[in-house]
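*Asks:* Numbering (our numbering), first residue to last: 2 to 163.
Think of the CB as a built atom: it goes at the ideal place given N, C-alpha and C, for glycine as much as any other residue.
Please read these numbers as outputs of a predicted model, since none were measured by experiment.
#1: State the DSSP-derived secondary structure class of residue 45, mapped to helix, strand or coil.
#2: Kindly confirm or deny that the region 62 to 79 and the region 137 to 156 touch, where touching means at least three C-beta pairs closer than 8 Å.
#3: With a threshold of 16 other CB atoms inside 10 Å of the CB of residue 114, please say whether the residue is buried or exposed.
#4: Considering residue 78, what are the terminal residues of the beta strand (DSSP E) in which it resides?
#5: Quick check on DSSP: helix, strand or coil for residue 109?
#6: Which residues does DSSP list as the beta-bridge partners of residue 130?
#7: Any idea which residues DSSP pairs residue 73 with across the strands?
#8: Would you mind giving the Cβ-Cβ distance between residue 120 and residue 131, rounded to the nearest angstrom? I have them listed as a contact below 8 Å.
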């Protein structure tokens, strides 16, 4: 079951992080969220908000060189992946990717196109783009769980649209 893509305007960093926090709470610490967008579009900023939903208050850096940054927060496992420098999708196998994508963890993946053919399907694909002022987030479900999550997210969200 796939829903029509939805979008939300994020006019400033505060709103951007708050939206990530809302999304993080909705995901309940499990699933796969794939973040698309150009460099500087705000993927790591959104991830900071997601991590705040589980109590993280420190800095969040994109794991460009380490590929995976694990977080153990509020009894949940959250993995932040940045595949920008991935040479071959098969590298994910060698760095423990199968364990990372366990059903009981949340995987937030930047640059998922670099892992094409190896990565499991996303529950939600989220594309960020610069839309002055701020950013625009376009969300699309890719699994039945993703469709249910987006329906719940946008049920009463102001400023969102299909």
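*Replies:* Checking against the coordinates, here is how it stands:
#1: Helix, per DSSP.
#2: No: the two stretches stay apart, fewer than three of their Cβ pairs being nearer than 8 Å.
#3: Residue 114 is classed as exposed because its beta carbon has fewer than 16 other beta carbons within 10 Å across all chains shown.
#4: Segment 77 to 83, the beta strand (DSSP E) holding residue 78.
#5: When DSSP states are grouped into helix, strand and coil, residue 109 belongs to the strand group.
#6: Residue 130 pairs with 137.
#7: Residue pairing by DSSP places residue 73 opposite 78 in a beta bridge.
#8: Residue 120 to residue 131, Cβ: 25 Å. No contact.
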